[in-house]
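Worksheet: the structure to be examined is printed underneath.
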Amino acid sequence: MSLPRRFAAKIVGQAIALFARFITAVRADWRGIEPVNKQRVYYANHVSNADMPMIWSCMPPNIRRDVRPVAAADYWLKNKLRAFVGPEVFNCVLVDRRPEARDESHDPMQNILDALDDGSSLIIFPEGNRNMTEDPLLPFKSGLFNMGKARPDVDLVPTWIANVTEIMPKGEVIPLPLICTVTFGEPIHVEDNETKDAFLERASTALVDLAPSREDRL
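Shown next, in the form of structure tokens:
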């Protein structure tokens, strides 16, 4: 990236963070961990296009600098604006979701593991798609388990985003002013001899347990 583009990306990133905090008063609740710059995988519920910017914006700048969201290449490369914001502002790790891209010569997980090996922290959405149902979570894909098995020393941090569906209702472009809370829970790891299904169930439970109760939302 050229110096002017790097400068522009930094300015746009700061503007996005300020805009998110101004519109949503997004608040971080570091309930299970301290806000320190340690390598982590933050895995979160996914209900809106605003999810990733909300998590990213509420992190302290020294943490945000080393955090890379994992995102779909087909979404972020759809036009020139997204191709600038995703890869250059958020420094996304882009994953090709097309079925034909999953063959022996191309492992989508490799980009993610390479980012971890470079020392980056990650933001991921293990449901894979936005949850448009009444259930708190969709079933998790296997990616989180694969990361935990491949890089067992990296903390996997459940991260619950509350109120973001009200901020960015489906089909809306302009966010509605409303307080958003991002809760960071206690890290988990894949245990010895733990099966994929058992781990994903445990990871899902750890995430849902961070959701505010109805009384808390009132």
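Numbered per my numbering, the sequence shown spans residues -15 to 202. Think of the CB as a built atom: it goes at the ideal place given N, C-alpha and C, for glycine as much as any other residue.
| Query | Result |
| --- | --- |
| Using beta-carbon positions only, say whether A99 and L78 come within less than 8 Å of one another. | no |
| Would you kindly work out how many angstroms separate the C-alpha atoms of R201 and L(-13), rounded to a whole number? | Below a pLDDT of 50, predicted positions are generally treated as unreliable, and R201, at 46, falls in that range; no measurement from the model is reported. |
| Can you name the start and end residues of the alpha helix (DSSP H) that N74 belongs to? | It is worth fixing the name first, because residue 74 is Phe in this sequence and not Asn. Element bounds for F74: n/a, residue is neither H nor E. |
| Can you tell me whether V51 is helix, strand or coil according to DSSP? | strand |
| To which residues does DSSP link S105 through a beta bridge? | V51 |
| For I163, count neighbouring Cβ atoms within 10 angstroms of its own Cβ and tell me buried if that reaches 16, exposed if not. | exposed |
| When burial is assigned at 16 or more other CB atoms within 10 Å of the CB, is Y26 buried or exposed? | buried |
| Can you list, in chain order, the residues of its chain whose CB lies under 7 Å from that of R(-11), leaving out five sequence neighbours each side? | E72 |
| Is it the case that the Cβ atoms of L128 and L191 are separated by a distance below 8 Å? | no |
| What are the start and end residues of each continuous alpha helix (DSSP H) run of 4 or more residues lying completely inside the region -4 to 71, in chain order? | 35 to 42, 45 to 48, 57 to 60, 64 to 68 |
| What are the boundary residues of the beta strand (DSSP E) that includes D139? | 139 to 146 |
| Classify F3 as buried or exposed, calling it buried when 16 or more other Cβ atoms lie within 10 Å of its own Cβ. | exposed |
| Going straight from the alpha carbon of V31 to that of L65, what length do you get? | 22 Å |
| What does the Cβ neighbour count give for S188, buried or exposed, with the cut at 16 atoms within 10 Å? | buried |
| Return yes when the Cβ of V51 is within less than 8 Å of the Cβ of W40, no when it is not. | yes |
| Is the beta carbon of F109 sitting closer than 8 Å to the one on G16? | no |
| Grouping DSSP H, G and I as helix and E and B as strand, with all else coil, what is D91? | coil |
| Which residues share a DSSP beta bridge with T165? | R11, A146 |
| Near N147, what residues of its chain come up, given a Cβ to Cβ distance below 7 Å and the 5 sequence neighbours on each side ignored? | L162, I163, C164, T165 |
| If you compare alpha carbons, which of M36, N21, Q23 is closest to A231? | Nothing in the structure corresponds to residue 231, since the chain is present only between -15 and 202. |
| What residues match up with L78 in a beta bridge as DSSP calls it? | A55 |
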